[in-house]
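Numbers 1439 to 1843, taken from my numbering, label the letters of the sequence shown in order.
Note that beta-carbon positions come from the ideal geometry of N, C-alpha and C, so glycine has one too.
As the structure is a prediction and not an experimental result, all values here were calculated from the model.
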Amino acid sequence: MNRSKSSADSTHLDKWRKDTPGCNYRIHLNNAGAALMPAPVIEAIHNHLDKEIRFGGYEAAESAQREISATYDAIAELIGTTSANIAIVENATVAISQALSAFDFQRGDTMITTNADYSSNQIMLLNLADRYGIEIFRAKDLPDGGVDPNAVRSLIKKQRPKLVLMSWIPTNSGLIQKAKIVGDICRELEVPFLLDACQAVGQLPVDVTELHCDFLAATGRKFLRGPRGIGFLYVSDRMLEQGFQPLFPDIRGAKWTSTNDFQLEADAKRFENWEFPYALVLGLGAAAEYAQKVGINSACQRAGELATYTRQALDQLSEVHVLDRGDDKCAIVTAGIDRINIDNLVVQLRERNINTSTTKPNQRIIDNMDGEKVETALRISPHYYNTAEEVDEALGVIEELVYQL
């Protein structure tokens, strides 16, 4: 393949790659699944596990209280809030479920969501509809993809929903939905706004004040480059002051004060559970600190450039159809490929030390990416520590495998 390189590499690229041991073993283009962790994250996890081995789990956590507190501070700084508004949870899906559980749903209630949403979120909404008799309304899309904010406004005025839930970036494509505009509408019309930022945190600048979200869910393992099995939930002061609480608080989120009474924690920790994998918590904090040092704007620009370069290169292949929509795209590139089994392609790429992933039909029942029913699609998601040369090598192998079949 003879492709020109993308724009000049960052002067910090060598350091980012030296900080990432996984770069020595493979080309990792699956950052939308789970990014390669940088050395400070790995060290934070290993150091705490070593303490647990030597001192015991409870004792190690007690000795790390300052570092644990710093994790909340680092996450809060990353998204423009305070540590009191942060709850650490297992992942973004748990964060969404904890937020949903705070609403007192009754038969006849309505909720608004979008077509470009994460499948787990939609399953939870459908279960709520079955259990409580609420009705789910999905706002219409813009012609180029992504929810139409005017459709959200119209539905809110007509249905007066309990809340609006949307995914900022869906798992299936490079689409970036208009989260800030939807947040503005929700605040204007006084409807709670729950934003799934699972694919956005670590990839895009995030400011919860500007977004006007009441809840924001995120995970550590994706573009934030933290460990798997940990994430967080942002809860606004407005929700806390109104007494929103999870359906099942435990001794982390509340104190049992008498036989028939309990007292909630004053801050977002009411949404947490007692048992924590503290090694992962500290890894999450290290990831948030590392992202700040890299600079989210720098990460966003570089990852976006690599994604654009990838799309342009894929467009040159006759058997490949880039499926990404919207006028604003991120570092997730999704493509359909004629004549081949994409699941097998991903396996063959992995055998050559190239990591990609797939998106399957049951993950996008209503998120129809290109106006037709697309079967399994290839997902390539570069990040700022990747290089144009890595993209070239991966695309060269894809071209070879596609045309040999």
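Option nearest residue i by Cα separation, candidates the options
i       : options                               : result
ILE1561 : ALA1540, LEU1787, SER1501 and SER1535 : SER1535
ALA1554 : ILE1775, GLN1637 and THR1697          : GLN1637
LEU1671 : ASN1711, GLN1641 and ASP1765          : ASN1711
ALA1769 : PRO1608, ALA1499, LYS1616 and ARG1598 : PRO1608
TYR1496 : LYS1618, GLY1546, GLY1681 and GLU1713 : GLU1713
ASN1779 : ASP1765, LYS1798, ASN1793 and LYS1767 : LYS1798
ASP1547 : ALA1537, GLU1528, TYR1570 and ASN1529 : TYR1570
THR1552 : ALA1482, LEU1744 and LEU1632          : LEU1632
LEU1678 : GLN1730, VAL1479, GLU1838 and ILE1524 : ILE1524
LEU1654 : LEU1642, SER1674, THR1695 and GLN1641 : SER1674
THR1647 : ALA1514, LYS1707, HIS1821 and GLY1664 : ALA1514
GLY1909 : GLN1730, LEU1685 and ASN1610          : No information on residue 1909 is available, as it lies outside the stretch 1439 to 1843 that the chain covers here.
GLY1407 : ASN1698, LYS1595, THR1509 and ASP1634 : With the chain covering only 1439 through 1843, there is no way to say anything about residue 1407.
Residue i burial status per 10 Å Cβ neighbour count (16 or more: buried)
i       : result
GLU1628 : exposed
LEU1564 : exposed
ALA1704 : exposed
THR1531 : buried
GLN1503 : exposed
PHE1493 : exposed
VAL1484 : In the sequence as presented, Val is not what sits at residue 1484; that position holds His. HIS1484 comes out exposed.
TYR1747 : buried
LYS1616 : buried
LYS1707 : buried
PRO1847 : Here the chain comprises residues numbered 1439 to 1843, so residue 1847 is not present and cannot be evaluated.
THR1794 : buried
GLU1828 : buried
Boundaries (first-last residue) of the beta strand (DSSP E) holding residue i
i       : result
TRP1694 : 1692-1696
ILE1775 : 1771-1775
PHE1575 : 1573-1576
ARG1817 : 1815-1818
VAL1527 : 1524-1527
LEU1671 : 1669-1673
ALA1725 : Counting along the chain, ALA1725 falls outside any beta strand (DSSP E), though it belongs to the alpha helix (DSSP H) covering 1716-1732.
SER1795 : 1795-1797
LEU1601 : 1601-1605
ALA1655 : 1653-1657
Inter-residue CB distance, residue i and residue j (contact presumed, cutoff 8 Å)
i       : j       : result
LYS1660 : ASN1469 : 7 Å
ILE1506 : VAL1644 : No, ILE1506 and VAL1644 are not in contact; Cβ-Cβ is about 22 Å, not under 8 Å.
LEU1463 : ASN1824 : Before going further, note that residue 1463 is Tyr rather than Leu in the sequence given. Going by Cβ atoms, the distance from TYR1463 to ASN1824 rounds to 14 Å, so no, they are not a contact pair.
ALA1589 : ALA1577 : 4 Å
ASP1762 : LEU1613 : 7 Å
THR1796 : VAL1784 : 6 Å
GLN1683 : LEU1702 : 6 Å
ASN1559 : GLY1669 : Wrong, their Cβ atoms sit about 14 Å apart, outside the cutoff.
ILE1572 : MET1549 : 6 Å
Element boundaries [alpha helix (DSSP H), containing residue i]
i       : result
HIS1486 : 1477-1493
ASP1705 : ASP1705 -> no alpha helix (DSSP H), and no H or E assigned at all.
VAL1784 : 1780-1789
ILE1689 : Looking at the DSSP string, ILE1689 is not in any alpha helix (DSSP H), and its letter there is neither H nor E.
ILE1594 : 1587-1597
Cβ-heavy atom distance, residue i to the ligand GTP, below 8 Å
i       : result
ASN1782 : Looking for the ligand GTP in the displayed structure turns up nothing, as the structure carries no ligands at all.
Exercise. For the stretch 1729-1744 and the stretch 1582-1599, state whether three or more C-beta atom pairs, one from each stretch, are separated by less than 8 Å.
Key: These segments do not touch.
Exercise. Report yes or no: do the stretch 1482-1492 and the stretch 1830-1841 share at least 3 C-beta pairs separated by less than 8 Å?
Key: No, they do not touch.
Exercise. Count the C-beta pairs between the stretch 1454-1461 and the stretch 1771-1787 that are closer than 8 Å, then say yes if the count reaches three, no if not.
Key: The stretch 1454-1461, when compared against the stretch 1771-1787, does not touch it at the 8 Å Cβ threshold.
Practice problem: Examine the Cβ distances between the stretch 1753-1762 and the stretch 1539-1551 and report whether three or more of them are shorter than 8 Å. | Solution: Touching, no.
Quiz item: Given 8 Å as the limit, is there contact between the stretch 1722-1734 and the stretch 1472-1479, that is, 3 or more CB pairs closer than that?
Solution: Judged by Cβ distances under 8 Å, the stretch 1722-1734 makes contact with the stretch 1472-1479, as three or more pairs qualify.
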